[in-house]
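In our numbering, the protein residues as written are 7 to 841.
This is the structure:
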């Protein structure tokens with residue numbers, strides 16, 4: 007329906023927008039800019055309403071207001087400038103008077119366009135008016151600024167300035183020739199601000215937006231160019247190069263888009279002249295490296311030219327700055343998916359399935375848009391179930407660019423640009439599920455430094471630096487799936503999978519991940535277990551492969567990781583070993599005996615003592631059958647220790663004491679250390695506290711001598727509890743600090759939490775509620791991140807000690823502690839964090 011509040015007949019139009027809005031957004035940041043924008047809107051609306059104006063439209067930072075008289079429009083403009091004095095926002099205002107046609111959609115006609123174009127000429131705090139408006143402002147202070155050409159308006163327009171004030175020559179805006187996408191731009195606010203910062207702060211001659219296929223480089227480049235258009239008085243132009251296959255055609259294409267008379271550098275440079283011109287060059291990768299040389303020469307010939315380039319590979323020319331457009335942040339990805347999905351399936355809402363779907367699509371804009379289109383037929387939950395077929399499942403619309411018609415076509419575009427050797431090594435790298443180090447890529451896939459660098463340059467491989475400074479190379483899962491299909495087609499898959507397994511097995515052996523064995527013959531243990539945390543996805547991949555192809559080899563790796571399972575992933579380790587033992591019924595007895603021991607140990611450390619008991623017995627029987635005296639002695643001790651953990655001490659102590667004798671006879675001091683701990687427990691139960699303390703100290707000392715950090719820190723925990731119960735709080739805290747430091751160093755979350763609980767208990771017993779609350783809050787934060795072994799069985803016991811300190815100070819510190827790591831709460835050093 008037509009609006010009945012708009013003035014008719016002769017109408018004065020007022021247009022505004024914010025001067026330098028892009029720079030202001032960069033300077034203030036999105037949140038503060040939004041606040042300033044809202045404040046400016048309130049002030050201007052008040053000024054317009056007071057002068058009798060009617061708001062026709064508002065878009066972003068721009069107003070379109072209609073007045074029944076030119077005098078009212080001029081008064082509103084003056085009031086608007088006055089209201090904004092002293093603020094960060096400066097508006098430019100344009101006035102024009104005419105007799106426009108009023109339709110259901112509002113005003114139409116040339117007068118509307120003329121008014122908007124006059125506003126675009128102004129500077130901040132300046133009001134410009136057409137001669138038609140000036141003639142109606144009797145007695146107003148006017149300054150004649152002469153004739154000016156307006157964009158898309160035939161002939162010249164007489165422009166006057168309202169009011170006093172000296173301003174630079176009128177702005178002559180450059181034309182903006184950019185595609186108009188069919189859908190709104192969603193998300194990427196942070197990335198746009200970062201890209202704006204790069205341009206506005208450093209003014210690179212060339213800004214190349216790089217990223218893998220499907221990251222939305224073209225769409226991002228168009229939006230960035232639109233934001234930068236105010237900076238380009240020579241014009242903003244879009245040049246798509248995707249159809250080209252010959253780099254010799256690049257300069258003619260540039261010349262045509264810029265309107266140069268001929269395709270030579272001199273003519274193009276002359277055409278650009280002294281006005282800053284922004285050229286968005288889209289999709290260059292298939293023309294490299296030759297196209298890079300052409301663009302470098304172009305930039306040298308035209309000093310006022312600035313290039314925005316989108317490419318899957320950087321140009322590597324002087325004056326270039328790269329902008330790596332990563333996959334979207336999680337909230338942006340969900341927002342984009344929902345925005346596109348609602349066009350196909352109105353009413354769709356955010357759910358855990360939507361969140362998971364976006365994550366598994368690597369938060370790639372193209373993948374999200376293709377998946378959203380599928381919601382017309384399939385719910386997000388159904389899409390999630392079918393996602394294993396993602397490359398075939400995700401197809402676009404009929405009018406989509408062929409390169410983006412399917413996710414597979416998008417990746418194939420990059421793959422086809424590789425040479426044969428690069429294609430083969432790219433495909434092989436799909437074997438790594440969790441990424442890899444350079445050394446692993448070299449050993450497993452025969453990749454070399456040049457290949458890795460090339461795949462990085464072409465955005466098929468990505469790099470991250472882990473907390474320990476190690477560089478890891480990885481693929482987005484959509485790209486890895488494409489590569490996996492290529493290696494399967496090549497016939498190399500089986501060989502590469504086996505090499506992957508052998509590499510991990512060798513790494514586990516070198517890292518002594520299956521300690522003890524007199525703690526790897528006195529070489530120490532646990533120090534390199536951090537190497538396996540980032541390799542967990544690779545471990546899962548090779549163990550899964552081994553279940554079908556070589557379960558015995560999988561068992562070898564499972565046993566080689568014995569200490570890793572115990573410290574980091576006991577339940578997962580137990581699950582894998584159960585499956586591997588079932589899949590390898592004919593494994594050699596020594597391997598089977600060790601696998602049973604590893605399985606039982608993982609269950610036992612997690613508190614599943616009943617489940618571990620028969621498995622320990624089965625392992626002991628095998629060690630005895632094969633005549634492995636050392637292995638059998640170790641298992642007899644473990645069976646005894648398991649009985650003690652289950653409260654069957656009458657049966658336990660004889661087995662443990664017999665194991666002590668055998669360990670001494672065999673000269674296995676590490677075995678002695680384990681027995682001494684349980685004998686210390688026995689002495690404590692019998693009331694012989696001095697002997698108990700001495701035995702635990704001796705056990706810790708032997709573990710320290712052999713470099714068995716895991717056993718040492720657990721003995722220190724035992725000593726802390728022992729001293730706390732004897733009310734020797736300072737000694738208890740000293741032991742707990744030492745055990746916590748060691749636990750964090752090897753990534754033992756369960757031991758770290760128990761050590762922190764000891765510290766919190768000591769603080770409560772000392773009457774220090776703030777310290778107790780801070781430590782307990784940090785424990786609660788750690789609990790929230792993932793389950794922690796046997797902690798739940800002992801939590802209530804520690805709560806009874808720690809909550810003696812409840813009160814205002816405790817509660818406040820507890821909330822503060824939830825923001826701290828265990829190391830920070832215990833004040834043992836900011837660099838101590840759990841892997």
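Beta carbons: idealized from backbone N, C-alpha and C, even for Gly. All values derive from a computational prediction rather than experimental measurement.
- An exposed status is given to residue 189, since fewer than 16 other beta-carbon atoms sit within 10 Å of its beta-carbon.
- DSSP places residue 620 within a helical segment (H, G or I) once states are collapsed to three.
- For the region 262-303, the full-length beta strand (DSSP E) segments reaching 3 residues or more read 283-288 along the chain.
- Setting aside the 5 residues that flank it on each side, residue 593 is surrounded in the same chain by 558, 561, each with a C-beta closer than 6 Å to its C-beta; the list follows chain order.
- The three-state reading of DSSP puts residue 686 in helix, counting H, G and I together.
- Residues of the same chain with a CB within less than 6 Å of the CB of residue 61, apart from the 5 flanking positions on each side, are 71 in chain order.
- Counting only the Cα atoms, residue 439 lies some 60 Å from residue 86.
- For residue 314 against residue 284, the beta-carbon gap comes to about 7 Å, under 8 Å, which counts as contact.
- Around the beta carbon of residue 281, fewer than 16 other beta carbons sit within 10 angstroms, so the residue counts as exposed.
- For the pair of segments examined, the region 825-835 was found not to touch the region 794-801: the number of CB pairs separated by less than 8 Å stays below three.
- Taking one beta carbon from each stretch, the region 341-359 and the region 450-461 have fewer than 3 pairs nearer than 8 Å; the two do not touch.
- Secondary structure of residue 70 (DSSP, three-state): strand.
- Residue 693 is not bridged by DSSP to any residue.
- Secondary structure note for residue 556: it is in no alpha helix (DSSP H), with a DSSP letter that is neither H nor E.
- Per DSSP, residue 576 is one residue of the alpha helix (DSSP H) stretching across 576-589.
- Taken in chain order, the unbroken stretches of alpha helix (DSSP H) that lie wholly in the region 341-403 and span 4 residues or more are 358-366, 371-380, 386-391, 396-399.
- In the structure shown, residue 421 falls within a helical segment according to DSSP collapsed to helix, strand and coil.
- According to the DSSP secondary-structure assignment, residue 154 is paired through a beta bridge with 163.
- Residue 291 sits close to residue 319, with the two beta carbons spaced by under 7 Å.
- A Cβ-Cβ separation of about 6 Å places residue 641 in contact with residue 622 under the 8 Å criterion.
- The Cβ atoms of residue 705 and residue 683 lie closer than 7 Å to each other.
- Runs of the alpha helix (DSSP H) lying entirely within the region 752-831 and spanning at least 4 residues, in chain order: 755-772, 775-791, 797-808, 814-823.
- Residue 174 carries a coil assignment under DSSP once its states are collapsed to helix, strand and coil.
- A buried status is given to residue 688, since no fewer than 16 other beta-carbon atoms sit within 10 Å of its beta-carbon.
- Counting along the chain, the unbroken alpha helix (DSSP H) around residue 433 starts and ends at 426-434.
- Using a Cβ distance threshold of 7 Å, residue 486 and residue 477 do not count as a contacting pair.
- In the three-state DSSP reduction, residue 488 falls in the helix class (H, G or I).
- Secondary structure of residue 113 (DSSP, three-state): strand.
- Cα atoms of residue 607 and residue 572: separation of roughly 7 Å, rounded to the nearest angstrom.
- In this structure, DSSP gives residue 479 an extended state, which the three-state scheme calls strand.
- Looking only at 584, 588, 613, the smallest Cα-Cα distance to residue 605 is reached by 584.
- In this structure, residue 381 sits away from residue 220, with a CB-CB distance that is not shorter than 7 Å.
- Between residue 141 and residue 329 a beta carbon distance of about 50 Å is seen, past the 8 Å cut, so the two are scored as non-contacting.
- Within the region 40-99, the complete beta strand (DSSP E) segments of 3 residues or longer fall at 60-65, 68-73, listed in chain order.
- Residue environment analysis places residue 773 among the exposed positions, since fewer than 16 neighbouring C-beta atoms fall within 10 angstroms of its C-beta.
- Burial is judged here by how many other beta carbons sit within 10 angstroms of a residue's own beta carbon; residue 253 has at least 16 and is buried.
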